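Colleague: Residue numbering for the sequence shown follows the numbering used here, starting at 1189 and increasing by one per position. Quick reminder that beta carbons are idealized off the backbone N, C-alpha and C, glycines included. None of the values given here were measured: they were computed from a predicted structure. Right, I'll just put the structure down here and ask away after.
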Amino acid sequence: MGRIKTADIKRASWELMERYPGKFTESFEENKKILKEMDMVEEKKTRNKIAGHLIRAVKQTA
C-alpha cells in the first residue's frame, strides 16, 4: 500500500494543476525541477511530496 498524502499536499497540487494546465508531466524528476524553478515551495521534503502527488493528478486528468 502507498503512503497517504495530507490535505495540504493534495490541495497544493490540485491548485497548481488548475493554475498551470499542461505544465506538469508523469515524471517525478521533471515535476520536481519545474517546482524548483517556480520557487513556490521552500522545503525540499514538501516540494518532493507535491511533485509525487502531481503525477497522480496528471494521470487522473488524462
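If you reduce the DSSP assignment to three classes, tell me which class Gly-1240 lands in.
Modeller: Against the sequence shown, residue 1240 aligns to sequence position 52. In the structure shown, Gly-1240 sits in a helix (DSSP, three-state: H, G or I).
Colleague: So Ile-1222 and Phe-1212 are in contact, right, with Cβ under 8 Å, and what is the actual spacing, rounded?
Modeller: Counting from 1 along the sequence shown, the entry for residue 1222 is found at position 34. Counting from 1 along the sequence shown, the entry for residue 1212 is found at position 24. About 6 Å; that satisfies the 8 Å criterion.
Colleague: State yes or no: is the C-beta of Ile-1238 within less than 8 Å of the C-beta of Ser-1215?
Modeller: On the sequence shown, position 50 is the one that residue 1238 refers to. On the sequence shown, position 27 is the one that residue 1215 refers to. No, the Cβ-Cβ distance between Ile-1238 and Ser-1215 is not below 8 Å.
Colleague: Helix, strand or coil for Ile-1222 per DSSP?
Modeller: Here residue 1222 refers to the residue found at position 34 when the sequence shown is read from its first residue. Of the three classes helix, strand and coil, the one that applies to Ile-1222 here is helix, per DSSP.
Colleague: Under 8 Å by Cβ, that's how I've got Arg-1235 and Lys-1224 pegged, so tell me the actual separation to the nearest angstrom.
Modeller: For the purposes of this step, residue 1235 is taken as the residue at position 47 of the sequence shown. For the purposes of this step, residue 1224 is taken as the residue at position 36 of the sequence shown. Right, their Cβ atoms sit about 7 Å apart.
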